[in-house]
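Numbering (the numbering used here), first residue to last: 645 to 758.
Structure (structure tokens):
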């Protein structure tokens, strides 16, 4: 078996800690690439995505901090529509800095609690 990359080790460590503290809450999962940023609210018990938002399909958005703030506010609005108010934040293997932090702050301002 090959060694896990540092990113994969961080991702597993974060996910394990979330499962221990989630208490049945849905999780706000964030994924970022060089071109886009994605956010999903996932109910792990049912195995369903409750809400999602991303920069896909938005022209001239890119994956900068401003785009991340827009995705954060969009996911908060979609969560309210789905009836979700509290979540646990799953940053994956990404550091809580820059775009990931901007998305989280915008989601909090939009009404999500985590």
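By construction, the Cβ of each residue, glycine as well, lies at the ideal position given by its N, Cα and C atoms.
What three-state label does DSSP hand residue i in the structure shown?
i, result
"residue 675", "strand"
"residue 756", "coil"
"residue 661", "helix"
"residue 732", "strand"
Counting C-beta neighbours from all protein chains within 10 Å, is the total for residue i 16 or more, i.e. buried, or is it exposed?
i, result
"residue 738", "buried"
"residue 733", "buried"
"residue 676", "buried"
In angstroms, rounded to a whole number, what distance separates the CA positions of residue i and residue j?
i, j, result
"residue 697", "residue 647", "33 Å"
"residue 665", "residue 672", "14 Å"
Counting only C-beta atoms, is residue i closer than 8 Å to chain D at any point?
i, result
"residue 675", "This model lacks chain D altogether, as it is built from one protein chain only."
Below 8 Å on the Cβ atoms is my guess for residue i versus residue j; work out the distance and round it to an integer in Å.
i, j, result
"residue 716", "residue 747", "4 Å"
What do you reckon, are the CB atoms on residue i and residue j nearer than 8 Å?
i, j, result
"residue 744", "residue 670", "no"
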